[in-house]
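Sequence lines, in order, name chains V and R.
The numbering used here applies: residue 3 is where the first sequence begins, and numbers increase by one.
The numbering used here applies: residue 3 is where the second sequence begins, and numbers increase by one.
Cβ coordinates follow ideal geometry from the N, Cα and C atoms, glycine included.
There are 2 protein chains.
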Amino acid sequence: MSAVALRAVTPIRTIPMKAQPIQATTPEVTKVRTQCSSCGLRELCLPCGLSGAELDRLDELVYTRRRVKKGESLYQAGDAFKSLYAVRSGFFKSCVLLEDGRDQVTAFHMPGELIGMDGIGSDRHNNNVVALEDSEVCIIVFSSLERASMEVPALQRQFHKVMSRELVRDQGVMMLLGTMRAEERLASFLLNLSQRFVARGYSQTEFNLRMTREEIGSYLGLKLETVSRIFSRFHEEGLIAVQQKNVRILDVAALKRMLGRQIDH
Amino acid sequence: MSAVALRAVTPIRTIPMKAQPIQATTPEVTKVRTQCSSCGLRELCLPCGLSGAELDRLDELVYTRRRVKKGESLYQAGDAFKSLYAVRSGFFKSCVLLEDGRDQVTAFHMPGELIGMDGIGSDRHNNNVVALEDSEVCIIVFSSLERASMEVPALQRQFHKVMSRELVRDQGVMMLLGTMRAEERLASFLLNLSQRFVARGYSQTEFNLRMTREEIGSYLGLKLETVSRIFSRFHEEGLIAVQQKNVRILDVAALKRMLGRQIDH
DNA sequence: CGGGGATTTGACACATATCAAGAGCGGTGG
DNA sequence: CCACCGCTCTTGATATGTGTCAAATCCCCG
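This is the structure:
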């Protein structure tokens with residue numbers, strides 16, 4: 003605790019340079035006191051539901067941040083697992099790579115979401131996480147989190163909830179990939195994004211996609227041309243207005259209807 | 003702890019009846035001292051890596067079992083979440099149901115595997131788990147597990163690993179559903195089963211499928227006819243010998259080759 | 001031994017992939 | 001500030017893998 007306090011008193015801020023492109027092992031890390039307790043994302047992130055002393059304990063844990071520039075990876079498959087990361091700002095994608103070169107986007111990550119849990123099981127990361135725009139994450143050293151969660155039941159519980167929800171989310175994606183048609187997949191994708199933006203205080207109906215058509219397609223198990231075509235079709239039908247990365251949802255109900263009952267053709 | 007000891011001393015064994023078909027809320031539960039420490043599955047299950055006193059602590063936790071007959075559910079979506087289940091014998095499937103009636107098998111579970119983690123996040127289960135043959139599970143009351151894992155770091159770590167591996171497994175399924183062709187999906191499925199049977203001391207090359215073609219198809223995002231056709235094709239090509247549920251893998255290498263490098267058509 | 005679900009197989013339909021070309025947009029350098 | 005270049009996106013024509021529908025067979029269970 004004193005060590006943490008020391009760091010808080012004498013913050014070391016590395017210059018936000020692009021100086022050492024060689025040292026991929028020493029990424030840009032900012033050591034400043036990050037206050038979970040006063041973070042705007044605390045209701046979405048690991049601190050959710052914690053209070054008072056519990057939050058203080060978490061604050062001790064999360065004291066470094068890292069910036070990741072657009073296109074750079076936060077970590078790659080095979081990297082040693084040491085920390086989890088909470089997205090503080092920006093946007094990430096997770097990808098899994100097959101030996102033959104095929105890869106698939108398995109998730110998109112928004113502020114407040116926790117990344118890196120794939121590494122716990124094998125002490126190595128099993129996917130690649132890349133920033134889709136200039137981003138920043140809070141670093142949570144996993145061993146510290148485990149130690150703290152032995153003292154703070156609510157923290158342990160919250161961490162378990164986060165992991166469990168990730169499992170449920172994955173099942174939703176399997177459902178999407180396994181049983182839905184292209185139209186439904188895209189509708190589901192848009193509604194999911196919309197909902198997550200709302201939770202973060204942004205517009206429910208208008209937002210900018212941070213990913214390309216190809217990345218959307220990869221996530222949805224479709225080719226980029228198909229994604230583009232369906233965007234166009236939705237546009238024609240007046241469900242959305244798309245102009246490149248900008249999307250405005252015009253008829254939420256119609257999109258929702260695409261999911262509920264289809265198949266009756 | 004004394005309460006647990008008491009239960010161990012005075013085991014209550016409910017009669018293995020089919021007496022009360024109405025009381026779905028009171029399933030058949032056997033209260034006997036289940037010894038993780040002497041369980042044949044301990045290297046595959048939650049106890050993996052634990053030793054001595056740690057194992058003893060786990061033994062206190064797992065003292066009830068439950069039988070689930072073929073076709074019955076272990077739990078259903080919406081049920082209150084209270085416990086995790088470790089498969090002791092038998093075979094299960096997990097399914098997710100969409101409002102419109104479509105459902106998808108999201109996993110098959112073999113002895114030693116942990117079920118129920120989908121419920122942690124929302125205190126309710128989010129999928130249905132059904133026995134594919136007469137089965138038995140060990141019941142692990144989740145609050146007890148959390149309490150114990152605050153005392154036993156190795157147990158906490160092991161539990162986190164199990165959840166993390168589940169996340170990685172899910173990513174593998176997404177990959178399969180998102181990028182693989184039908185042939186590759188089935189090859190991947192057979193190799194996965196084979197590997198898991200080996201880990202349990204069964205033959206690597208010959209086993210009985212516990213699920214129908216339709217369930218395989220649901221899991222792989224294919225129709226049952228497609229699954230059947232590809233089984234037949236593999237058979238013709240001499241890769242496997244299938245006769246209904248019985249499968250014998252004749253050319254493991256060839257199946258593996260289907261995954262590594264395809265796409266070069 | 002009978003019945004019904006599970007499986008196999010065939011013919012055909014259709015959704016999405018593939019291939020190809022052109023347009024739009026953003027970043028870079030003169 | 002404008003022009004160019006490259007990447008992303010759109011759209012069309014066509015190919016193909018898998019789904020759909022249907023019927024026959026198999027086999028397990030009662």
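What residue range is occupied by the uninterrupted alpha helix (DSSP H) comprising residue i?
{"i": "Arg250 of chain R", "result": "Premise fails: Arg250 of chain R lies in the beta strand (DSSP E), Asn248 to Ile251, not in any alpha helix (DSSP H)."}
{"i": "Glu227 of chain R", "result": "Leu226 to Glu238"}
Verify whether the separation of the beta carbon atoms of residue i and residue j is less than 7 Å.
{"i": "Leu43 of chain R", "j": "Gly103 of chain R", "result": "no"}
{"i": "Val132 of chain V", "j": "Lys95 of chain V", "result": "yes"}
{"i": "Gln160 of chain V", "j": "Gly240 of chain V", "result": "no"}
{"i": "Gly180 of chain R", "j": "Gly54 of chain V", "result": "no"}
{"i": "Val164 of chain R", "j": "Leu116 of chain R", "result": "yes"}
{"i": "Glu208 of chain V", "j": "Arg235 of chain V", "result": "no"}
{"i": "Leu86 of chain R", "j": "Gly118 of chain R", "result": "yes"}
{"i": "Asp120 of chain V", "j": "Leu169 of chain R", "result": "yes"}
{"i": "Glu138 of chain V", "j": "Arg67 of chain V", "result": "yes"}
{"i": "His127 of chain R", "j": "Ala79 of chain R", "result": "yes"}
{"i": "Leu57 of chain R", "j": "Ser39 of chain R", "result": "yes"}
{"i": "Met176 of chain V", "j": "Thr108 of chain R", "result": "yes"}
{"i": "Ala150 of chain V", "j": "Arg212 of chain V", "result": "no"}
{"i": "Ser190 of chain V", "j": "Gln206 of chain V", "result": "no"}
Please report the distance separating the alpha-carbon of residue i from that of residue j.
{"i": "Val89 of chain R", "j": "Phe144 of chain V", "result": "29 Å"}
{"i": "Met260 of chain R", "j": "Glu74 of chain V", "result": "32 Å"}
{"i": "Phe199 of chain V", "j": "Phe93 of chain V", "result": "12 Å"}
{"i": "Lys258 of chain V", "j": "Asp172 of chain V", "result": "20 Å"}
{"i": "Val254 of chain V", "j": "Ala82 of chain V", "result": "43 Å"}
{"i": "Ile142 of chain R", "j": "Val229 of chain R", "result": "36 Å"}
{"i": "Glu216 of chain V", "j": "Pro155 of chain R", "result": "43 Å"}
{"i": "Asn248 of chain V", "j": "Tyr77 of chain R", "result": "43 Å"}
{"i": "Met152 of chain V", "j": "His162 of chain V", "result": "12 Å"}
{"i": "Ser146 of chain V", "j": "Pro49 of chain V", "result": "15 Å"}
{"i": "His1 of chain R", "j": "Arg202 of chain R", "result": "Since the first and last residues shown for chain R are 3 and 267, residue 1 of chain R lies out of range."}
{"i": "Tyr204 of chain R", "j": "Glu45 of chain R", "result": "15 Å"}
{"i": "Ser91 of chain R", "j": "Arg69 of chain V", "result": "48 Å"}
{"i": "Met2 of chain R", "j": "Met182 of chain V", "result": "Past the edges of chain R, shown from 3 to 267, lies residue 2 of chain R, and the structure says nothing about it."}
{"i": "Leu252 of chain V", "j": "Ile242 of chain V", "result": "5 Å"}
{"i": "Arg167 of chain R", "j": "Cys47 of chain V", "result": "22 Å"}
{"i": "Phe233 of chain R", "j": "Glu227 of chain R", "result": "10 Å"}
{"i": "Asn194 of chain R", "j": "Gln246 of chain V", "result": "41 Å"}
{"i": "Arg231 of chain V", "j": "Tyr65 of chain V", "result": "45 Å"}
{"i": "Ala256 of chain V", "j": "Ala256 of chain R", "result": "47 Å"}
Please name the residue, chosen from the options, that lies closest to residue i on a Cα-to-Cα basis.
{"i": "Ala184 of chain R", "options": "R:Val154, R:Met165, R:Gln158 and R:Lys225", "result": "R:Lys225"}
{"i": "Arg187 of chain R", "options": "R:Pro155, R:Asp81 and R:Ser220", "result": "R:Ser220"}
{"i": "Asn210 of chain R", "options": "R:Leu178, R:Ser234, R:Met182 and R:Val244", "result": "R:Val244"}
{"i": "Gln268 of chain R", "options": "R:Glu45, R:Asp61, R:Leu46 and R:Cys47", "result": "No answer is possible for residue 268 of chain R: it lies beyond the span of chain R, which begins at 3 and ends at 267."}
{"i": "Gln106 of chain V", "options": "V:Leu147, V:Ser196, V:Gly203 and V:Asn129", "result": "V:Asn129"}
{"i": "Ile218 of chain V", "options": "V:Leu192, V:Met182, V:Ser166 and V:Tyr65", "result": "V:Leu192"}
{"i": "Asp125 of chain V", "options": "V:Leu157, V:Gln158 and V:Lys84", "result": "V:Lys84"}
{"i": "Gln158 of chain V", "options": "R:Glu148, R:Ser166 and R:Arg231", "result": "R:Glu148"}
{"i": "Cys140 of chain R", "options": "R:Ala256, R:Cys41 and R:Arg167", "result": "R:Cys41"}
{"i": "Val98 of chain R", "options": "V:Phe233, V:Gly174 and V:Tyr65", "result": "V:Gly174"}
Would you mind reading off the limits of the beta strand (DSSP E) that contains residue i?
{"i": "Gln245 of chain V", "result": "Ile242 to Gln245"}
Less than 6 Å between the CB of residue i and some heavy atom of the ligand GDP, yes or no?
{"i": "Leu179 of chain V", "result": "No copy of the ligand GDP appears in this structure; indeed no ligand is present at all."}
At which residue ranges does the stretch 138–218 of chain V contain complete alpha helix (DSSP H) runs of 4 or more residues, listed in the order of the chain? 144–153, 155–181 and 184–201
Entirely enclosed alpha helix (DSSP H) segments - the stretch 50–137 of chain V, minimum 4 residues: 55–63
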